[in-house]
Amino acid sequence: MSKHLEDKNLIARWMDDRLSNEEKEQLKKSGELDALEAVIDDIDTWKVEPFDVDAGLAKLKDQNASVIPIKRSKNKTWWSIAAGVAVLFTCSFLWYYLSNGNTTVVTEIAENRSITLPKGTLVELDAASSISYNKNEWDNSRLVSLKGQAYFNVSSGSSFIVETPTAQVSVLGTQFNVSSQNEQFSVYCYEGKIKVSYRGDYEIITVGQSVILNDGKLQKSTHHSSGPEWMKGISTYDRTPLKTVISDVKRYYNVNIDLPSKYENQQFTGTIAHKDLQHTLSTIFTTMEIEYSLKEDNTVIFE
């Protein structure tokens, strides 16, 4: 609204039909009258969720039995009517949003959580990860959005879909692990059958098989584990860039590591048992002959 119209209070006086002909003409030329008339016309089309008037009135009377009523004027202006409709509209919107919004579970650094989804699907969520799902739509769409890493034990039923920022995993009833972190993506199947889709390409894997994303393509492989090692506090790496290993360390420990660029693409092979931070850092850097020191504030300094 223009400053001139605010100062003159033309809008409020227009709604109360208190404008002179000259002022009406001025408001019409401003171009704002058309927008205001459209808003007023649109109010009649607003809808809110059905409300049980009798039950609401009975509850209101019970809560306010001792309150002395205040007499109000019957001459309501357009402003009060519009404000009342706006309140009803807002309440209806909030009710719809809160009752239909997604449920999101987030883990912090060094925190793992067990989650039971509707109908019995179990999820083990790794540190610094999150999942989102809509319990109200679960019967129609068993869809989970994942960031980070999680292990799923899916109850039988309709198709179960895990969406990640990288790729999509579709299953029926099965057990599998999905990791989608930084530039790394992998899926390990421990039971049943899984379809992994990525940019028009897909791979189907069964128990003992895995899929990783390598150079923009899905690559199928095999494994011999009965479950994800991270759930046992163990991380295993095979010729993995050090920057990826350090990214994992930061998820399990409250530590500040600014890895020098000359070390980022050096490859680490080995197994880390996450007993404590000192042990983990020693396993990595001592093995790779990288000199470092850990300060009292949990900051790693490289020599």
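Just so we're on the same page, our numbering is the position in the sequence shown counted from 1, plus 10. By construction, the Cβ of each residue, glycine as well, lies at the ideal position given by its N, Cα and C atoms. Keep in mind that this is a model prediction, so the values were computed, not measured.
Next item on the list: Write down the C-beta distance between Val217 and Tyr200 rounded to the nearest angstrom, noting that I regard them as a contact closer than 8 Å.
Entry: 6 Å
Checklist line | CA nearest to the CA of Val221, picked from Tyr263, Thr279, Thr290, Ser189 | finding: Ser189
Notebook entry, point to check: Would Ser139 pass as a contact of Ala120 if the rule is Cβ separation under 8 Å?
Noted result: no
Check: What are the residues that DSSP puts in a beta bridge with Ser140?
Finding: Val116, Lys157
Check: Just how far apart, CA to CA, sit Tyr247 and Lys157?
Finding: 21 Å
Notebook entry, point to check: With a CB to CB cut of under 7 Å and the five nearest residues on each side skipped, what residues in its chain are close to Ile311?
Noted result: Tyr302, Ser303, Lys305
Note to self: Whole angstroms are fine: how far does the CA of Leu228 sit from the CA of Asp211?
What the structure shows: 8 Å
Checklist line | Distance CB(Tyr263)-CB(His233) smaller than 8 Å | finding: no
Next item on the list: Check the DSSP bridge columns for Ser207 and list the partner residues they point to.
Entry: Gln178, Tyr212
Next item on the list: Give me the Cα-Cα distance between Thr126 and Met241, rounded to the nearest whole angstrom.
Entry: 16 Å
Next item on the list: Determine the burial state of Arg209: buried for a count of at least 16 other Cβ atoms within 10 Å of its Cβ, exposed for fewer.
Entry: exposed
Next item on the list: Give the DSSP-derived three-state secondary structure of Asp307 in the structure shown.
Entry: coil
Next item on the list: Reducing DSSP to helix, strand and coil, say where Val95 ends up.
Entry: Residue placement at Val95 is flagged as unreliable, the pLDDT there being 46, under the threshold of 50; a coordinate-derived value is accordingly withheld.
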